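Asker: Could you have a look at this structure, given as structure tokens, before my questions?
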Amino acid sequence: MFLVVTVQDINGPSTRLALEGAKKGTQVFDQVARYKALVFRNICEIQENPDYPDVVNHMIRSVRKLEDPTFTPMAAVAGAIADKVADFLVEQGGRKVLVDNGGDIAIRLRNGQSTVVGIRTALASSRITYKVPLSEQDQIGGVATSGRGGHSFTKGIATAATAFAENAGYADAAATFIGNATNVEDPAIERRLAEQINPLTDIPGHLVTYKVGALPREKKFEALSKGLEAARMLISRGVIRDALVAIGEEVLMTGPLRGQIILC
Numbered sequence: 002m003f004l005v006v007t008v009q010d011i012n013g014p015s016t017r018l019a020l021e022g023a024k025k026g027t028q029v030f031d032q033v034a035r036y037k038a039l040v041f042r043n044i045c046e047i048q049e050n051p052d053y054p055d056v057v058n059h060m061i062r063s064v065r066k067l068e069d070p071t072f073t074p075m076a077a078v079a080g081a082i083a084d085k086v087a088d089f090l091v092e093q094g095g096r097k098v099l100v101d102n103g104g105d106i107a108i109r110l111r112n113g114q115s116t117v118v119g120i121r122t123a124l125a126s127s128r129i130t131y132k133v134p135l136s137e138q139d140q141i142g143g144v145a146t147s148g149r150g151g152h153s154f155t156k157g158i159a160t161a162a163t164a165f166a167e168n169a170g171y172a173d174a175a176a177t178f179i180g181n182a183t184n185v186e187d188p189a190i191e192r193r194l195a196e197q198i199n200p201l202t203d204i205p206g207h208l209v210t211y212k213v214g215a216l217p218r219e220k221k222f223e224a225l226s227k228g229l230e231a232a233r234m235l236i237s238r239g240v241i242r243d244a245l246v247a248i249g250e251e252v253l254m255t256g257p258l259r260g261q262i263i264l265c
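Residue numbers (the working numbering): 2 to 265.
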């Protein structure tokens, strides 16, 4: 876990609250670690339980929103931890709270605050391709990105699948779902079992994308269209508010934020 915590209270930027947020993040991470055996189980096998920590129930709830039986609660772990830290900081007086957990970001804007989120269309690159201004009125509480070059596995070929949702847990799970949907068949795509790459994975037996060579443009658009279809389905069910899907320079976006996005 690598947290970047930014907080403003009524007096402006608060180092004290940021440090408290970092401590809270460690506590929440420890809660997840104690329930590792549970959160590594298939989502079909478990339900929320009042005896579980809030963060674990949030992970379960976020993934169940997808209605995909192949997932485990770990698909929402980074976003869920970020959410719990952000909510804690709001309770402590934070008016503008940004908690970035490895690229999955919880956002809390109060009292007219606003922010700008940078979007990378290739996770393997540090270059910011787009900026998205957000205000409290946008009701975006989480932004997360999945895809090739990221810290987690993907079954698709998107270099970035970014989801905007009411919280980071939902966005985290949704980004993985959308990224997985960008799945096409081509000899240039090499897949391997997840456990062959990481023996400690929560999805043993699943084929994941390992390498992608040069693809014809029509294959890229087929994959992008599948990702966009998955995003629209999640939007229609109220799981997310918007999404962006990219394969290199080819980018598709749906939803209300299209009018706000700025090319860098």
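Where is the CB? At the ideal position from N, CA and C, for every residue including glycine.
Please read these numbers as outputs of a predicted model, since none were measured by experiment.
Identify the continuous alpha helix (DSSP H) that holds ASP69 and give its terminal residues.
Answerer: Where ASP69 is concerned, there is no enclosing alpha helix (DSSP H), given that its DSSP letter is neither H nor E.
Asker: Please report the Cβ distance between LYS21 and GLN93, rounded to the nearest whole angstrom; I am assuming they are in contact, meaning their Cβ atoms lie under 8 Å.
Answerer: This sequence places Glu at residue 21; Lys is not what is there. Indeed they touch by this definition, with Cβ atoms about 6 Å apart.
Asker: With the cut-off set at 8 Å, would you say LYS156 and VAL209 are in Cβ contact?
Answerer: A contact, by the Cβ cut-off of 8 Å.
Asker: Would you grab the beta carbon distance between ALA172 and GLY80 for me? Rounded to a whole angstrom, and I think it's under 8 Å.
Answerer: Between GLY80 and ALA172 the Cβ distance is about 6 Å, and since that is below 8 Å, they are a contact.
Asker: Please name the residue in ILE158, ASP203, ARG35 whose C-alpha comes closest to that of PRO188.
Answerer: Looking at the Cα atoms, ILE158 is the closest of the given residues.
Asker: Less than 8 Å between the CB atoms is what I'm expecting for PRO70 and ILE44, so what's the real figure, rounded?
Answerer: Their Cβ separation, rounded to whole angstroms, is 7 Å, which keeps PRO70 and ILE44 in contact under 8 Å.
Asker: Measuring CB to CB, does ALA107 end up less than 8 Å from ASN168?
Answerer: Going by C-beta atoms, ALA107 is nearer than 8 Å to ASN168.
Asker: With distances taken from CA atoms, which of THR202, GLU191, PHE222, ALA195 is nearest GLY214?
Answerer: When each option's Cα is compared against that of GLY214, the closest is GLU191.
Asker: DSSP state of TYR36, grouped into three classes?
Answerer: Residue state, collapsed to three classes: coil.
Asker: Let's see if you can read the secondary structure: which residues bound the beta strand (DSSP E) around GLU251?
Answerer: Per DSSP, GLU251 belongs to the beta strand (DSSP E) from 251-255.
Asker: From what residue to what residue does the beta strand (DSSP E) around LYS143 run?
Answerer: Reading off the sequence, residue 143 comes out as Gly, not Lys. GLY143 -> beta strand (DSSP E) spans 143-147.
Asker: In the structure shown, what three-state DSSP assignment does ASN58 receive?
Answerer: Helix at ASN58.
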